[in-house]
Amino acid sequence: MKKTIKIALAGNPNSGKTTIFNNLTGSHQHVGNWPGVTVEKKEGSFAFNGFKVDVVDLPGTYSLSAYSIDERIARDFLLKENPDLVVAVIDTSNLERNLYLVAQLLELGTKVILDLNMMDLVENRGMKIDTEKLSRILGVAIAETVAHKGKGMEKIKEIIVEQAKEGKQSFFKIDYGEDIEKTINRLIKFLKEKRINIDYPLRWFVIKLLEGDAEILRKVKNLPQGETILNIITESVAKLEKHLGYDLETALVEKRYGYLKGLVEECTARHYTLEERLSISDKIDRVVTNKFIGIPLFLVLMWLTFQLIFTVGSPVANLIDSFFGWFAEVTSKGLINIGAPEWISSLISDGVISGVGSVLVFLPNILLLFVTISLLEDSGYMARAAFVMDRLMHALGLHGKSFIPLILGFGCNIPGIMATRTLESKKDRIITILVNPLMSCSARLPIYILFAGAFFGKNQGFVIFSLYLMGIVLAIIMARIFKTIFFKHEVAPLIMELPPYRLPQAKSVVIHMWERGSLFLKKAGGIILAGVIIIWFLSSFPPGVEYASQESLIGRLGSVFAPLLSPAGFGFWQAAVALGFGILAKEVVVGTLGTLYGTGETGLKDAILHHFTPLSAYSFMVMSLIYIPCIASIATIKRETNLRWTFLAVGYSLILGWIMAVIIYQVGRVFLRLL
Amino acid sequence: MNTLTESAQDYLEAILIIGEKKKVVRVRDIAKHLEVKMPSVVAMIKTLAKKNLVRHEYYGYVELTEEGLRQAKSIYERHKILFNFLHNLLGINSNIAKEDACKIEHYLNPKTLEYILKFIQFVETCPEGEPLWLSSFHYFIKHGKRPEHCAKKEKIEKEVKMGPLTLNNLKVGQKGRVIKIAAESQIKRRLLDMGIVPGVEVKIEKVAPLGDPIDILVKGYHLSLRKKEASSIAVEVIK
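Protein sequence lines, in the order shown, are assigned to chains P and D. Position 166 of the first sequence, counted from 1, bears residue number 166 in the numbering used here, the numbering being contiguous throughout. Count along the second sequence from 1, then add 675; that gives the number in the numbering used here.
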């Protein structure tokens with residue numbers, strides 16, 4: 001009979017945890033969300049020796065102090081879900097800091113397997129680790145791996161199964177020194193005597209109370225005797241602090257690190273100095289973050305990113321586009337030939353097939369985007385980019401890391417918004433999310449290409465660039481405004497590791513790309529498809545009207561809203577309807593116009609040349625850039641924040657879009673008259 | 676002086692002030708100045724004359740004796756000091772300041788008065804003119820908030836809690852040992868978790884191209900911090 005084991009992977013960011021996860025589970029993994037929050041939850045499984053092992057990949061954290069969402073999730077999972085054991089993946093070349101998390105896991109009373117990852121780096125440096133001793137002192141089983149080469153994976157599976165079957169709980173305990181220990185023991189005794197029911201390991205609980213852990217303190221407050229306990233804690237802390245000469249939280253962390261320092265010294269044969277580590281990485285850094293080269297290099301890399309995504313991706317996208325155009329036509333003809341009613345043929349070709357086509361057409365760009373992102377992230381460059389750009393981003397009231405979600409926004413705002421999870425402070429997250437839709441995503445590009453191509457000929461590149469630039473400038477202004485209004489007094493620190501450079505692994509790049517690509521198909525695909533079919537429906541009904549005529553439902557809706565748009569130069573019902581459906585997904589604007597002018601994509605250029613002027617075409621593009629995040633973005637914003645911020649995101653962009661379009665059209669008109 | 680009642684003191688002061696403005700002091704002037712009735716003035720003048728503080732000539736002029744002048748001047752001085760303190764230093768408007776100075780002056784212990792006087796002198800003889808903290812205080816009164824340079828809590832904390840040397844003061848290549856962290860609790864915890872604990876050795880590795888943040892080596896890895904965070908970490912230089 002198959003037995004199931006539940007394990008979790010914990011570890012610092014950049015410890016190779018994700019690679020271990022991929023190696024363990026292979027293709028048996030899926031991405032979801034942690035309940036109630038928006039942090040990604042990766043789960044997978046593998047079979048070994050007749051056991052089925054379910055693996056949960058915890059967010060990468062440095063600590064379990066519950067100050068960031070990631071840390072809280074990891075901690076809550078360990079406390080509430082009680083996995084059979086936790087595999088702590090650590091970067092062995094940076095033993096001491098990585099062990100800090102392990103110490104916290106052990107204090108929490110979880111059963112741990114220590115995975116000494118990146119053993120090759122250690123061996124290359126001629127450093128010896130006495131794993132037996134380390135295992136004995138910590139009271140845990142140890143596995144050695146080189147994840148990116150797949151070394152040690154069978155062994156670690158064996159250890160996991162073996163430990164889950166019979167391994168004992170570690171007796172690990174850090175000695176915090178006489179005074180603190182006395183207090184800890186006194187408090188444990190007190191809690192035991194009072195028979196206060198706590199779901200946590202007592203010693204851990206007391207230590208957290210002494211540390212002033214906000215979440216635990218809140219929990220205690222709600223206990224029947226909460227007030228009494230809190231009073232005793234406050235008193236004890238005050239007494240200890242007076243004795244120690246500084247605050248207890250610092251003292252506890254210091255003791256923990258002190259213990260680990262001793263441990264590492266005892267278990268490693270050669271203790272290296274600060275400078276010896278990371279020498280190659282440091283040499284690279286000397287160039288990458290150089291005073292003069294740093295920023296130009298960053299810009300070049302961003303340019304390359306864009307070249308890869310658009311220059312390489314777009315031809316493939318065009319190919320997909322024409323394939324679906326051809327397929328829709330053939331199907332339509334075929335259906336009519338076999339005697340299907342015209343509306344059925346229309347639904348299938350104009351609705352379903354072109355709907356699927358308009359989803360898939362973005363896939364090449366999006367896959368390439370995530371390849372680049374993954375390369376930048378896995379190589380360690382992303383942190384350098386944040387390091388180089390932080391001063392600038394900070395001046396905008398944001399964080400160096402905010403630049404990543406904003407850049408992602410150029411591909412698609414949805415991953416851009418989702419990437420704000422890397423930001424620790426709420427302020428940075430909210431502002432970055434709010435201005436993210438101003439980063440002109442690739443779904444808006446078809447609109448620009450259509451209009452700029454039709455009206456601006458040779459200058460279309462420049463015109464499209466100006467729209468991207470306008471988005472960035474507006475994002476800067478809005479970020480400042482939001483910061484002043486909502487987060488005036490908040491400070492968010494930058495405390496970020498610059499991990500050693502590493503060669504990205506093809507396997508994890510591919511997995512990452514595929515994960516994100518399929519996520520896009522799932523999250524956005526359905527909505528876009530539904531949008532196209534709704535358009536088809538609104539265009540075809542009430543029954544008997546000519547497809548997408550002014551008498552159709554869609555035409556009537558457009559006529560109602562059109563007058564509102566005349567100050568912006570496009571006050572006709574087709575434009576209003578197209579914008580309305582652009583809410584479903586921005587690129588739908590193009591398809592809608594094609595449908596409404598009855599031309600399809602091919603004759604659309606001539607149709608808009610007839611209806612727009614260059615100026616109103618430009619103001620229409622500006623409107624399309626700003627006026628509202630697409631429904632998938634709105635849904636993502638709602639998931640990442642709350643209803644209030646979502647309303648704000650929708651409301652401000654509608655107003656701003658209209659104002660900008662009107663200003664451009666009106667000022668432009670005056671200007672043209674003067675010329 | 677202690678034997679004199681409050682109102683007696685007021686009379687002496689009034690006579691002095693009137694005498695400085697006019698050549699002679701009449702009972703009528705005093706009554707007007709203190710807003711009392713003439714007979715009251717006459718009665719008080721008699722009392723004061725008995726104590727040999729004033730001379731009252733039959734034709735109605737009142738004059739301070741030498742002792743009376745000394746005491747009146749001292750009372751007047753106190754009044755001026757208090758008025759100064761209230762008006763010039765705290766910035767209370769002159770009418771209220773005058774009125775309150777009159778009320779307070781009788782009750783203060785001479786020692787208190789002496790310290791207030793010294794305090795005023797200290798402030799007024801500040802070589803840079805009005806001290807910054809006083810301007811800040813006036814700004815605070817006027818706008819209900821601190822001016823920018825003293826608005827940050829951390830800054831005050833830093834100045835109070837630690838010596839001048841913090842991590843951001845170190846130069847590239849310099850090494851230091853962490854003494855203490857004085858940041859807001861969440862930031863502090865993060866720094867602690869990352870291994871910035873008292874006693875740990877840090878080295879400034881480089882500064883970002885735009886001058887901020889900085890990159891430090893700690894416990895064998897690179898950590899980047901803004902100068903602002905670095906300024907909450909007290910260090911000592913190690914060679």
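By construction, the Cβ of each residue, glycine as well, lies at the ideal position given by its N, Cα and C atoms.
Fill in: Buried or exposed (CB count within 10 angstroms, at least 16 for buried), D/E799
D/E799 comes out exposed.
Fill in: Backbone CA spacing between P/M418 and P/K401 [nearest angstrom]
Looking at the two C-alpha atoms, the distance is approximately 13 Å.
Worksheet item: Exposed or buried, P/N49, counting other C-beta atoms within 10 Å across all chains shown (16 or more means buried)?
Response: Under this definition P/N49 is an exposed residue.
Worksheet entry | Under 7 Å from the C-beta of D/P822: neighbouring residues of chain P | Here the premise fails: no neighbours, minimum Cβ distance about 15 Å.
Discussion item. Using 8 Å as the cut-off, can you tell me whether the stretch 291–310 of chain P makes contact with the stretch 891–907 of chain D, which would need three or more C-beta pairs spanning the two stretches below that distance?
Written reply: These segments do not touch.
Worksheet item: What residues from the stretch 727–749 of chain D come within 9 Å of chain P, judged by C-beta to C-beta, listed N to C?
Response: Correct list: empty, as no residue qualifies.
Worksheet item: P/S45 lies in the beta strand (DSSP E); which residues open and close that run?
Response: Its beta strand (DSSP E) spans residues E40 to F48.
Item to complete: Would you tell me roughly how many angstroms separate the C-alpha atoms of P/L643 and P/S653, rounded to the nearest one?
Response: CA-to-CA, the gap between P/L643 and P/S653 works out to about 16 Å.
Worksheet entry | One or two residues paired with D/S899 in a DSSP bridge | Listed as beta-bridge partners of D/S899 by DSSP are P/M496 and D/D890.
Worksheet item: Under three-state DSSP, which class holds D/H818?
Response: D/H818: helix per DSSP, three-state reduction.
Discussion item. Distance check for P/T372 and P/G411, CA to CA, integer angstroms please.
Written reply: Linking P/G411 to P/T372 through their CA atoms gives a straight-line distance of about 11 Å.
Worksheet item: Who are the Cβ neighbours of D/E681 in its own chain at under 6 Å, not counting the five residues just before and after it?
Response: Within its own chain, the residues whose Cβ lies closer than 6 Å to the Cβ of D/E681, once the five positions on either side in sequence are excluded, are H781, listed in chain order.
Discussion item. To the nearest angstrom, how far is the alpha carbon of P/A8 from that of P/Y62?
Written reply: In a straight line, the C-alpha of P/A8 is about 16 Å away from that of P/Y62.
Discussion item. Output needed for P/T139: all residues of its chain with C-beta closer than 7 Å, excluding positions within five of it in sequence on either side, in chain order.
Written reply: The residue you asked about is not Thr; residue 139 of chain P is Gly in the sequence shown. Hits under 7 Å: S170, F171 and F172.
Worksheet item: Should the stretch 138–156 of chain P be regarded as contacting the stretch 208–227 of chain P, the criterion being three or more beta carbon pairs within less than 8 Å?
Response: Segments in contact, no.
Worksheet item: In the DSSP assignment, what residue or residues form a beta bridge with D/Y736?
Response: According to DSSP, which records beta bridges pairwise, D/Y736 is partnered with D/R701.
Worksheet item: Under a three-way DSSP split, which group does D/K878 fall into?
Response: D/K878: strand per DSSP, three-state reduction.
Worksheet entry | Test: D/H897 CB closer than 8 Å to a CB of chain P | Chain P, which has a Cβ nearer than 8 Å to the Cβ of D/H897, makes this yes.
Worksheet item: By how many angstroms is the C-alpha of D/N763 removed from the C-alpha of D/Y814?
Response: Roughly 14 Å separates the two Cα atoms.
Worksheet item: In chain D, which residues lie with their C-beta within 8 Å of the C-beta of P/T289?
Response: What P/T289 touches in chain D: K881, A883, P884 and D890.
Practice prompt. Would you give the residue range spanned by the beta strand (DSSP E) that P/D54 belongs to?
Written response: For P/D54, the enclosing beta strand (DSSP E) has its first and last residue at F51 to D57.
Worksheet item: Apart from the five residues on each side of it in sequence, which residues of its chain come closer than 7 Å, Cβ to Cβ, to P/I159?
Response: Closer than 7 Å at the Cβ level, and outside the excluded window around P/I159, lie I113, A141 and A143.
Discussion item. Between D/K914 and chain P, is any beta-carbon pair separated by less than 8 Å?
Written reply: So, not an interface residue.
Item to complete: Could you tell me how far apart the beta carbons of P/L367 and P/G517 are, in whole angstroms, since I believe they sit closer than 8 Å?
Response: About 5 Å; that satisfies the 8 Å criterion.
Worksheet item: Using the beta-carbon count (16 or more within 10 Å), is P/P341 buried or exposed?
Response: By the neighbour-count rule (16 or more Cβ atoms within 10 Å), P/P341 is not buried but exposed.
Item to complete: State the beta-bridge partners of D/K850 as determined by DSSP.
Response: D/K850 is bridged to D/K878 and D/I913.
Fill in: Residues, ordered as in the chain, of the stretch 863–877 of chain D that lie near chain P by beta-carbon distance below 8 Å
Shown in chain order are the members of the stretch 863–877 of chain D whose Cβ falls below 8 Å from a Cβ of chain P: K863, R864, R865, L866, L867, D868, M869, G870, V872, P873, G874, V875 and E876.
Worksheet item: DSSP state of P/E144, grouped into three classes?
Response: For P/E144, the three-state secondary structure derived from DSSP is strand.
Worksheet item: Comparing the C-beta of P/P59 with each C-beta of chain D, is any distance below 8 Å?
Response: It does not: the Cβ of P/P59 has no partner Cβ on chain D nearer than 8 Å.
Practice prompt. Counting only the same chain and skipping the five closest in sequence on each side, list residues whose C-beta sits under 7 Å from that of P/G212.
Written response: Correct list, in chain order: E249.
Worksheet item: What residues from the stretch 689–710 of chain D come within 9 Å of chain P, judged by C-beta to C-beta, listed N to C?
Response: Taken residue by residue, none of the stretch 689–710 of chain D has a beta-carbon sitting less than 9 Å from a beta-carbon on chain P.
Worksheet entry | Separation of P/W514 from D/E880, as counted between CA atoms | Straight through space, the alpha carbons of P/W514 and D/E880 are spaced by roughly 38 Å.
Worksheet entry | Where P/N117 falls: helix, strand or coil (DSSP) | Secondary structure of P/N117 (DSSP, three-state): strand.
Discussion item. When you compare the stretch 59–78 of chain P with the stretch 115–135 of chain P, are there three or more beta-carbon pairs, one atom per stretch, that lie closer than 8 Å?
Written reply: At 8 Å Cβ cutoff, the stretches do not touch.
Worksheet item: Looking at P/D70 and P/K6, is the spacing between their C-beta atoms short of 8 Å?
Response: Against a cut-off of 8 Å, the Cβ pair of P/D70 and P/K6 comes out as no contact.
Worksheet item: Any beta-carbon of chain P closer than 8 Å to the one on D/D685?
Response: No, D/D685 lies away from the interface with chain P (no Cβ there is under 8 Å from its Cβ).
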